[in-house]
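So the protein sequences, as listed, match chains A and B. Heads up: the first sequence begins at 123 in our numbering, then just goes up one per residue. Heads up: the second sequence begins at 60 in our numbering, then just goes up one per residue.
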Amino acid sequence: MSAHAHAHHKESFITKYIFSQDHKMIGKQFLITAIFMAIVGVFLSVLFRVQLGWPGESSSFLNMFLGDKWAPDGVMHRGMYLGLVTIHGTIMVFFVLTGGLSGTFSNILIPLQIGARDMASGFLNMLSYWMFLLSSILMIASLFLETGPANGGWTIYPPLSVFEEAISGSGMGMTMWLTSMTIFVASSLIGSLNYIVTVLNLRTKGMKMTRMPLTIWAFFVTAIIGVLSFPVLVSAVVLMLMDRLLGTSFYISDVIVGGEMMEQSGGSPILYEHLFWFLGHPEVYIILLPALGLTSEIVSTNARKPIFGYRAMIGSILAIAFLSFIVWGHHMFVTGMNPFLGGVFVFTTLLIAIPSAVKVFNYITTLWKGNIRFSPAMLFSIGLVSAFITGGITGIILADSALDIQVHDTMFVVAHFHVVMGLSAILGMFAGVYHWFPKMYGRMMNTKLGYLHFWITIVCAYGVFLPMHFVGIGGAPRRYYDYSVYESFDGNQYEMIMDLNVIISIFAIIGSIGQIIFIYNFFYSARKGQKAVQNPWKSNTLEWTTPVEHIHGNWAGELPTVHRWPYDYSKPGADEDFIPQNVPLKDGEEEH
Amino acid sequence: MIFWIIIILAFVTAAQLMKATLLAKKMANKKEEDISDADNNMNAFLLGLFAVFMLGQVVYMMFKYGNGLLPVAASEHGQQIDFLFNLNWIIVLAVFFIVNSALFAFAIKYRGKKGNKAYYFAHDNRLEMIWTIIPASALAVIIILGLRTWNDITSKPSDDTKIVEVYGEQFKWTVRYSGEDNKLGYADYKLVTGENPLGVVTPESMEGAIKSFDNDIRKLSYKLKQDSAQKEMYSHVKAHEMQSKMEKYGRIKERVFKMQKHYKSEQLIVANDDYISKLELHLIKDQEYQFIFRAKDVMHSAYFPHFRAQMNVVPGQRTKFKLKPIYTTQEMRDMTGNPDFNYVLLCNKICGEGHSNMKMIVVVDDSIEEFNKWKKENTSSPIAKK
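Next up, the structure:
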């Protein structure tokens, strides 16, 4: 109620745009920050793709950005190469696809789609954003350290990440990485708790759990996964800080680094891996589920059909969430873990394919006999489903421990997770931006530029990642500065790796430049785009019943009452092909 | 320079396209949210083209590169892995083509048309049951076959297996053969010195380590005395660092004393017939090997792509992997038609700046005689004689 009372207060610039406690503004802040982080993250990948495509060749482009210290004569420094790979991974996984995706859309959509005035705690929500921003700044700043950023890979396995003597980035760079990630996790936890409480407590009248849009289900379950798994990462990080600063031996045992014999004994690097992947694997679904949630909504709206198997979709989300906690060991098949335990993880991991397959089939059935409107958001959603299939099936190979022996830690893994998690989620995020842009900025994005953006992105993405599978099957390990070791014993194979790497790099560069179309479209449309109407996509969910111009408290009058599920598209007997959730059932109308 | 030109050109292009499309929309009196039939048709057509591009790309690459140009598996279990791999590929690629094609086909076929109405079809328990059961049964097959192979690969080695140690450090490999008794001598990181790079435990090496600690402690304490006598100036931090280093060496030395008491004489002779190689790893065809992996500094991963073998090398732990080479290097050269072909051991876990250079050539010899000839000239005792 207090939020409602606020509605007519005049707000200053600072409380409206900067220290805002309004969920819509905070969502937009998350989005803009994530776009900035994505530009940095993608740009880092362009830098190391130049190295991989044309190893050892002098490039004024590299020299311009890395300077004489990290690219003397335009040839990339080995440590910096690993640093770029590490920070690219960290930024994309955590800052873009976790903070950016969940932060943006959970914030904007949860209150709007469940009919709430705002989040349960506006203040905590604001805090969540500012901690996210702080951690982003720290992570970016670490790129400029004299000793370079953290460069032990984004999974920062000890002992490499513990000892500065082992690699230069494990000094100040790693300290900043750990600090930044701790703040990031705090931000994520505050945000997630807020989302959970909001969904549980602030649903409007009639919004039963079984009438919630699948977006909300996805955000809700994602938040729960986050709350249960992120603290484990913090504990892993704190133990690592102790190993680094206090000389404890949680992860360290019997090592001699840089000629110096260390005293620590009895710890285990494998312990770190268990802790890390206990977050790390659920993290994949923290990234993926919101994207799938957005897509469910977009596919249904644009196919003008109810999402097929609504309850099965919810069941799949819950099953995936549950299973995501008992599969982390598949990252560790070749760590010397007990083979029996490995077998158990093979079983649980492959089980996840079942709910995933159900989701895919349900999407495809939703398209069947639809009346599909190819808005840019719809194209991106179809792209997501395709990427989810393509990336999902290679997961079946990797989950099979016997096969994992051969492809573990090769470029095949890199290709797999980029398609199934990176590409899927980023396509879902784009879909979400195109679809809900009118809700965020009250204006429309340019559709034609949206088409162009989609086609460049999807073609380049497949141009990058399909060949990468073959590089990996050929036995090319990841995080290699170059593949010159292959030259000495198998020329043919070396040639294949080099040829494909050039193709991959070219597609990566074109694809990255193509994103400028999106950036231009986004910022131009936010200011000058065509004014949006209240419900441009003829959608059923509640956010489209709010006024176009944002008001504090979302609805001017009373909160809407919900009478039906959100997927009454093309319902027989109705005049229009959509019936918003707040329209009461007609006499004798069945709910669904 | 070129970089900025490209970026600016991209922005200019985007801006021009924006202008053109806005103008066209204005003339047609169209809004952004109105997706016309023409738009739908165009995108459906492009989706079709894209499907051909994507599925075609996979087919083309399958033919051109197959298994990434890796030659046939050169180990017994590797053949099993390849068989399983091919079987899985058949299942997985079938799913890939069928499901992706269905997705694109439906998207194209049911593209929107003004006046059309979608078919209201919310759920169908039977259909959903079918596509829960089909993937579940396919996965059951995959799991059962996969676990059978996995259990074979990780089973106990046979009695006539030979034990070889692979020791990883930044950025090189060293191998230690277990010699006549087929037992590796004990090893401990506290004993690693220049003469004893793997830290093998013998009475002499323990003495040597103690001497070396004494030496280090003496050096440090001399330096600190110079400091207090004002001949050398160290910062407070530096002096403290040296002091604590000195104490640390003292404590590690204590642990070596304990080791001396702990080891029995029959445990100490095991290392006597061990021998090491720093350049190449030689194996004998059709001989099963049990590899024991140790690391000195950070995690590494011993990756033998041609044998389809991999195991992480973890400091403070011993990991194991068994394999049996079935083709000699020469046979493989004949099979691949590449006279320079060599097996290789790579590092496959990020281990520092030189990660991508960390390798060792692996040679599979035809017979024990051939192996012994190499052994005579190229291996040495694990502890260098002074």
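In this text, a Cβ means the ideal position worked out from N, Cα and C, and glycines have one as well. The structure presented is a predicted model; accordingly, all values stated were derived computationally and were not measured.
Counting contacts by CB-CB distance shorter than 9 Å, is residue i in contact with chain B?
i, result
"A:Phe-341", "no"
"A:Ile-476", "yes"
"A:Val-655", "yes"
"A:Gly-597", "yes"
"A:Ala-425", "yes"
"A:Asn-662", "no"
"A:Tyr-432", "yes"
"A:His-126", "Residue confidence is low: A:His-126 scores 47 on pLDDT, short of 50, so the model does not pin down where it sits. Its coordinate-derived value is still stated next. Not closer than 9 Å to any Cβ of chain B, the Cβ of A:His-126 fails to qualify, so no."
"A:Asp-144", "no"
"A:Asn-643", "yes"
"A:Gln-652", "yes"
How would you call residue i, buried or exposed, if buried means at least 16 neighbouring beta carbons within 10 angstroms?
i, result
"A:Phe-254", "buried"
"B:Leu-106", "buried"
"A:Met-543", "buried"
"B:Val-296", "exposed"
"B:Lys-383", "buried"
"B:Trp-63", "exposed"
"A:Gln-235", "buried"
"B:Asn-274", "exposed"
"A:Pro-428", "buried"
"B:Ala-153", "exposed"
"A:Met-123", "Because the pLDDT at A:Met-123 is just 38, under 50, the model does not fix this residue reliably, and the value given afterwards should be weighed accordingly. A:Met-123 should be labelled exposed."
Going along chain A, which residues have a C-beta under 9 Å from residue i?
i, result
"B:Asp-356", "Pro-281, Leu-282, Phe-285, Glu-287, Ala-288, Val-377, Ile-378, Val-379, Gly-380"
"B:Gln-116", "Tyr-584, Gly-585, Leu-588, Pro-589"
"B:Pro-216", "Under the 9 Å cutoff, chain A gives no residues; its nearest Cβ is about 13 Å from B:Pro-216."
"B:Lys-383", "Ordered by position in chain A, no residue passes the 9 Å Cβ test against B:Lys-383, which lies about 15 Å from the chain."
Output yes if chain A places a C-beta closer than 9 Å to the C-beta of residue i; else output no.
i, result
"B:Gln-326", "no"
"B:Trp-433", "no"
"B:Trp-232", "no"
"B:Asp-98", "yes"
"B:Phe-430", "no"
"B:Ile-269", "no"
"B:Lys-444", "no"
"B:Met-461", "Since the displayed chain B opens at 60 and closes at 445, residue 461 of chain B lies outside it and no answer follows."
"B:Ser-426", "no"
By the criterion of Cβ-Cβ separation under 7 Å, what are the contact partners of residue i in chain B?
i, result
"A:Ala-524", "Ile-140, Leu-143, Gly-205, Thr-208, Trp-209, Ile-212"
Between residue i and the rest of its own chain, which residues show a CB-CB distance below 7 Å, the 5 nearest in sequence each way excluded?
i, result
"A:Leu-393", "Phe-372, Tyr-373"
"B:His-341", "Val-422, Asp-424, Phe-430, Trp-433"
"A:Ala-288", "Pro-281, Leu-282, Val-379, Gly-380"
"A:Ala-547", "Leu-219, Leu-223, Ile-409, Leu-410, Ala-413"
"A:Thr-470", "Leu-445, Ile-448, Val-449"
"A:Tyr-616", "Tyr-605, Tyr-608, Glu-609"
"B:Thr-252", "Gly-267, Ala-268, Ser-271"
So which residues of chain B does residue i contact, with C-beta pairs closer than 8 Å?
i, result
"A:Phe-715", "The structure shown does not extend to residue 715 of chain A, since chain A is modelled only from 123 through 714, so no value can be given for it."
"A:Trp-558", "In chain order: nothing, as chain B lies at least about 13 Å away."
"A:Trp-577", "Leu-105, Phe-109"
"A:Leu-571", "Ala-73, Leu-76, Met-77, Thr-80"
"A:His-714", "Ala-181"
Taking Cβ-Cβ distances shorter than 8 Å, what residues in chain A pair up with residue i?
i, result
"B:Ile-311", "Met-383, Glu-385"
"B:Thr-220", "Simply none; closest approach about 17 Å."
Quick one: what's got a C-beta closer than 8 Å to residue i's C-beta in the same chain, skipping five residues either side?
i, result
"B:Thr-261", "Gly-244, Leu-327, Ala-330, Asn-331, Ile-442"
"B:Leu-186", "none"
"B:Asp-240", "Val-329, Asp-332"
Near residue i, what residues of its chain come up, given a Cβ to Cβ distance below 6 Å and the 5 sequence neighbours on each side ignored?
i, result
"A:Lys-561", "Glu-665"
"A:Ala-583", "Leu-545"
Please compile the residues from chain A whose C-beta is within a distance smaller than 7 Å of the C-beta of residue i.
i, result
"B:Met-370", "Val-456, Gly-458"
Closer than 9 Å between beta carbons: that is the criterion. Which residues of the segment 244-276 of chain A meet it against chain B?
Asn-273, Gly-274, Gly-275
What residues from the segment 466-490 of chain A come within 9 Å of chain B, judged by C-beta to C-beta, listed N to C?
Val-468, Phe-469, Leu-472, Leu-473, Ala-475, Ile-476, Pro-477, Ser-478, Ala-479, Val-480, Val-482, Phe-483, Asn-484, Tyr-485, Ile-486, Thr-487, Thr-488, Leu-489, Trp-490
Using a Cβ-Cβ cut-off of less than 9 Å, list which residues of the segment 602-616 of chain A approach chain B; keep chain order.
Tyr-602, Tyr-603, Asp-604, Tyr-605, Ser-606, Val-607, Tyr-608, Ser-610, Phe-611, Asp-612, Gly-613, Asn-614, Gln-615
Mind listing which residues of the segment 501-526 of chain A have their C-beta closer than 8 Å to chain B's C-betas, in chain order?
Leu-501, Ile-504, Val-507, Ser-508, Ile-511, Thr-512, Ile-515, Thr-516, Ile-518, Ile-519, Asp-522, Ser-523, Ala-524, Leu-525
Residues of the segment 689-708 of chain A with a CB closer than 9 Å to any CB of chain B: list them in chain order, please.
Tyr-689, Asp-690, Tyr-691, Ser-692, Lys-693, Pro-694, Asp-699
For the segment 250-267 of chain B, list every residue whose C-beta sits within 8 Å of some C-beta in chain A, in sequence order.
Val-251
For the segment 123-134 of chain B, which residues have a beta carbon sitting closer than 7 Å to at least one beta carbon of chain A?
Tyr-124, Asn-126, Gly-127, Leu-128, Leu-129
Residues of the segment 358-378 of chain A with Cβ closer than 7 Å to any Cβ of chain B, in chain order:
Ser-375, Asp-376, Val-377, Ile-378
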